[in-house]
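All remarks here apply to the structure that follows.
2 protein chains.
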Amino acid sequence: MRVPMKVDYGVRALVELALHYGQGQLQTWEIAARQSIPEAYLEQLMTTLNKVGLVRSRRGPQGGHILGMAPEEINLSMVMNILDGNFSPLECITYPNDCVFAESCAQQEIWRTVAEAIQGVLSNTTLADLAQRQTKLTAQAAR
Amino acid sequence: MRVPMKVDYGVRALVELALHYGQGQLQTWEIAARQSIPEAYLEQLMTTLNKVGLVRSRRGPQGGHILGMAPEEINLSMVMNILDGNFSPLECITYPNDCVFAESCAQQEIWRTVAEAIQGVLSNTTLADLAQRQTKLTAQAAR
DNA sequence: GACTATTCTTACCGGCAAAGTTGGAAATTG
DNA sequence: CAATTTCCAACTTTGCCGGTAAGAATAGTC
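These protein sequences, in sequence, are chains A and B.
Under my numbering, the residues of the first sequence are numbered 15 to 157, in order.
Under my numbering, the residues of the second sequence are numbered 15 to 157, in order.
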């Protein structure tokens, strides 16, 4: 049960933007370099993040990306939902009709609960949290 | 973030065994038929479940599988761990050394929390719970 | 002891989605 | 207009997951 790289990359990129919040644009290559994410790949992610409004992007020289809203307003559940799409752990949760046993399936509830648990954790964590923790950690590491 | 079929199959097979607990063996083909799981595939799962002790299997005529312990003692976290193997959502949780940023990575904690949340839900549900719920549901469906 | 039924073991396969690449089109700036 | 950067779409690659196949081991039965 893995978190797809997209999400990992996405979160890291967004944290990077959060750390830079209020200080202008960051360009894809910068983020990619700092987080060692394949640049071309990250580019795709950035545009989907832009399309949804989590990020605001500008092209051309001095272009780049900034957060679309305050770091406190963006939580990881959003990111997950956008970049991973199908959130639920099993087909039959999203499409109960596809399962013959749907009506009398004891497991359904559990997987649903699992999904909620995940979403719970993620929606409780904002980019602000992560950014703050990040600065602490790098400060520690520097010492 | 999907639950692999293995796990779904495994749980369903085990519930089937739980429903049959104390009434002798169940053979792979029976379980496969009732839950419409590809038989050959299920066979593999059963043997790994056997190897770990969740199931006790006997070959030869009148062979088959029974639960290795009481339904109350088997929870879904066990099943998940056995059949999914790598439980944690991201490489860097299982192998922190493989990640350059490990020491100053703000996200690690979250993915760990997510893993714990999942494990929490799963370890709170036993086969007994599921079996009981199952009988209720089928009774309802019959009406 | 031969026969049969069942699990065990191993090796293989196909498909599909995820990760990543490439090339070019659209903006934006100076 | 030239340079820079994002955007877009199509393509390639790779790994793994779900499933298949076939034979070996084991356990009962007559």
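All C-beta atoms in this analysis are idealised placements derived from N, C-alpha and C, irrespective of residue type, glycine included.
CA-to-CA distance, residue j to residue i, given in whole angstroms
| i | j | result |
| --- | --- | --- |
| Lys65/B | Glu130/A | 32 Å |
| Gly77/B | Lys20/A | 47 Å |
| Leu151/A | Gln39/A | 24 Å |
| Leu97/A | Leu90/B | 28 Å |
| Ser102/A | Ile45/A | 30 Å |
| Arg126/B | Gly82/A | 27 Å |
| Gly24/B | Arg147/B | 17 Å |
| Cys113/A | Pro52/B | 15 Å |
| Cys106/A | Ala153/A | 46 Å |
| Ile80/B | Gly134/B | 26 Å |
| Val69/B | Thr62/A | 46 Å |
| Gly67/B | Tyr35/B | 15 Å |
| Met92/B | Arg73/B | 24 Å |
| Pro85/A | Glu30/A | 11 Å |
| Val128/A | Asn138/A | 16 Å |
| Glu57/B | Gln37/B | 20 Å |
| Pro75/A | Gly99/A | 32 Å |
| Thr149/B | Phe115/B | 49 Å |
| Gly108/B | Ala54/B | Per the sequence shown, residue 108/B should be read as Thr rather than Gly. Distance between the alpha carbons of Thr108/B and Ala54/B: 31 Å. |
| Arg157/B | Leu59/A | 50 Å |
| Trp43/A | Trp43/B | 55 Å |
| Ala47/A | Ala47/B | 53 Å |
Residue i CB to nearest heavy atom of the ligand PLP below 6 Å
| i | result |
| --- | --- |
| Arg73/B | Absence of the ligand PLP is noted for the structure shown, with no ligands found whatsoever. |
Residue i at chain A interface by Cβ criterion, 7 Å
| i | result |
| --- | --- |
| Pro52/B | no |
| Val66/B | no |
| Glu117/B | yes |
| Val85/B | Note that residue 85/B is Pro in the sequence shown here, rather than Val. No - not a single Cβ of chain A is within 7 Å of the one on Pro85/B. |
| Val93/B | no |
| Pro75/B | no |
| Thr152/B | yes |
| Leu104/B | yes |
Below-7 Å beta-carbon distance, residue i vs any chain B residue
| i | result |
| --- | --- |
| Arg16/A | yes |
| Val69/A | no |
| Thr61/A | no |
| Arg157/A | no |
| Thr42/A | no |
| Ala120/A | yes |
| Asn147/A | Correcting the residue identity first, residue 147/A is Arg in this sequence and not Asn. Taking Cβ atoms only, chain B reaches closer than 7 Å to Arg147/A, which makes this a yes. |
| Leu144/A | yes |
Supposed contact pair residue j and residue i - C-beta distance, whole angstroms, cut 8 Å
| i | j | result |
| --- | --- | --- |
| Leu141/A | Ile88/A | 5 Å |
| Ala32/B | Ala120/B | So it is not a contact: roughly 42 Å between Cβ atoms. |
| Ala155/B | Ser118/A | 4 Å |
| Ala27/A | Gln41/A | Incorrect: roughly 11 Å between the Cβ atoms, too far for contact. |
| Met94/A | Val17/B | Not really, about 16 Å apart at Cβ, beyond 8 Å. |
| Asp22/B | Leu104/A | 6 Å |
| Ile132/A | Ile124/B | Actually they do not touch by this definition, with Cβ atoms about 11 Å apart. |
N-terminal and C-terminal residue of the beta strand (DSSP E) that residue i is part of
| i | result |
| --- | --- |
| Ser118/A | Ser118/A -> no beta strand (DSSP E), and no H or E assigned at all. |
| Ser91/B | It is not in any beta strand (DSSP E) - Ser91/B instead sits in the alpha helix (DSSP H) that spans 90–98. |
| Arg72/B | 69–72 |
Residue i: first and last residue of the uninterrupted alpha helix (DSSP H) it sits in
| i | result |
| --- | --- |
| Gly24/A | 19–33 |
| Ile107/A | 105–108 |
| Ile45/A | 42–49 |
| Leu81/B | Looking at the DSSP string, Leu81/B is not in any alpha helix (DSSP H); the run it does join, the beta strand (DSSP E), is 78–81. |
| Gln39/B | Neither: Gln39/B is in no alpha helix (DSSP H) and is coded neither H nor E. |
| Asn64/A | 53–66 |
| Arg147/A | 141–156 |
Any C-beta of chain A within less than 8 Å: which residues of the stretch 125–142 of chain B qualify? Trp125, Thr127, Val128, Ala131, Ile132, Gly134, Val135, Leu136, Thr139
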